[in-house]
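Below is one structure; the comments refer to it alone.
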Amino acid sequence: MIEGLTLTKTHLRLLNALLVEADEEEGVAILFGAPDEDPQHWIIEPLFNEAAAHEAHKRCEVTIEQLQPVLERQRAAGRDIQAWWHSHPSGAAIPSETDHANDEVPLMLISSGATLKYESQRHRAWWVEPGERAAEVPMGFGSPS
Ligand SMILES: [Zn+2]
Numbered sequence: 844m845i846e847g848l849t850l851t852k853t854h855l856r857l858l859n860a861l862l863v864e865a866d867e868e869e870g871v872a873i874l875f876g877a878p879d880e881d882p883q884h885w886i887i888e889p890l891f892n893e894a895a896a897h898e899a900h901k902r903c904e905v906t907i908e909q910l911q912p913v914l915e916r917q918r919a920a921g922r923d924i925q926a927w928w929h930s931h932p933s934g935a936a937i938p939s940e941t942d943h944a945n946d947e948v949p950l951m952l953i954s955s956g957a958t959l960k961y962e963s964q965r966h967r968a969w970w971v972e973p974g975e976r977a978a979e980v981p982m983g984f985g986s987p988s
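Going by our numbering, the first residue of the sequence shown is number 844, and it counts up by one from there.
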C-alpha cells in the first residue's frame with residue numbers, strides 16, 4: 844500500500860470534468876505512469892463505460908477492444924496502469940462490494956457525484972486487495988500542472 848497520493852490541479856480539473864460528463868452513469872478512466880514515476884506526471888486516459896449505453900446504471904464495463912489500443916499506446920511510451928478511476932453518480936466515494944471484489948490494480952480512485960458541494964469528499968483514493976477491507980489512501984491535489 845502507498846502512503847499517500849498527490850496529483851495536480853490539472854488532474855483535479857479533468858476528474859471533475861469526467862464526473863460531470865458521466866452524469867448519472869459511472870465514468871471510468873485509467874491513470875498511467877512509468878514505474879516509480881511521481882504521480883504528478885501520471886496521465887489520465889478516459890474510457891467509455893459500455894455498460895452505460897445499454898444497461899441501467901451502477902455498472903462499469905470496458906471491452907478489450909477499447910482497452911487494447913490504449914494499453915499499447917501507453918506501454919510503448921513506457922507507462923503502465925497505476926490506478927483505476929470510476930465514479931459513483933449518486934453514492935459516496937467509498938468502495939462498493941463490487942469494488943471490493945476487484946482483483947486487478949489495487950489503487951482505486953473513486954469520485955462521488957453526490958458530493959459536488961464538498962470538494963474534500965468528492966475524490967478519494969483506496970487501496971483494495973482481495974480478501975482485505977479497502978484502506979483509504981490520503982489524496983490531495985498539489986501544484987498547478
Ligand atoms: Zn465503485
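Where a beta carbon is used, it is the ideal one built from N, C-alpha and C, also for glycine.
Where the alpha helix (DSSP H) containing residue i begins and where it ends
i	result
glutamine 917	907-919
valine 863	852-865
Enclosing beta strand (DSSP E) for residue i [first to last residue]
i	result
valine 871	871-876
aspartate 946	It is not in any beta strand (DSSP E) - aspartate 946 carries neither H nor E in the DSSP assignment.
alanine 926	923-931
alanine 978	978-980
Closest by C-alpha distance to residue i, when choosing among the options
i	options	result
aspartate 923	Gly956, Pro912, Glu893	Pro912
leucine 848	Leu950, His931, Ala935, Asp942	Leu950
glycine 870	Phe984, Ser933, Glu880, Gly983	Ser933
glutamate 868	Cys903, Gln917, Gly974, Ala926	Cys903
glycine 974	Arg916, Thr941, Lys852, Ile937	Thr941
threonine 906	Glu915, Leu890, Ala957	Leu890
glycine 956	Ala968, Trp927, Ala936, Ala977	Ala936
serine 939	Glu915, Arg976, Pro981	Arg976
Assigned secondary structure, residue i (DSSP; H/G/I helix, E/B strand, else coil)
i	result
proline 938	coil
alanine 968	strand
serine 986	coil
glutamate 893	helix
Alpha carbon of residue i to alpha carbon of residue j, nearest angstrom
i	j	result
alanine 877	glutamine 964	28 Å
aspartate 881	aspartate 866	30 Å
glutamate 846	histidine 966	17 Å
glutamate 979	leucine 910	27 Å
serine 930	histidine 943	15 Å
asparagine 945	isoleucine 887	20 Å
leucine 952	methionine 844	14 Å
leucine 862	glutamate 908	23 Å
glycine 985	alanine 872	20 Å
valine 948	alanine 926	6 Å
arginine 856	leucine 850	11 Å
leucine 858	aspartate 879	22 Å
Bridge-paired residues (DSSP) for residue i
i	result
isoleucine 887	Leu874
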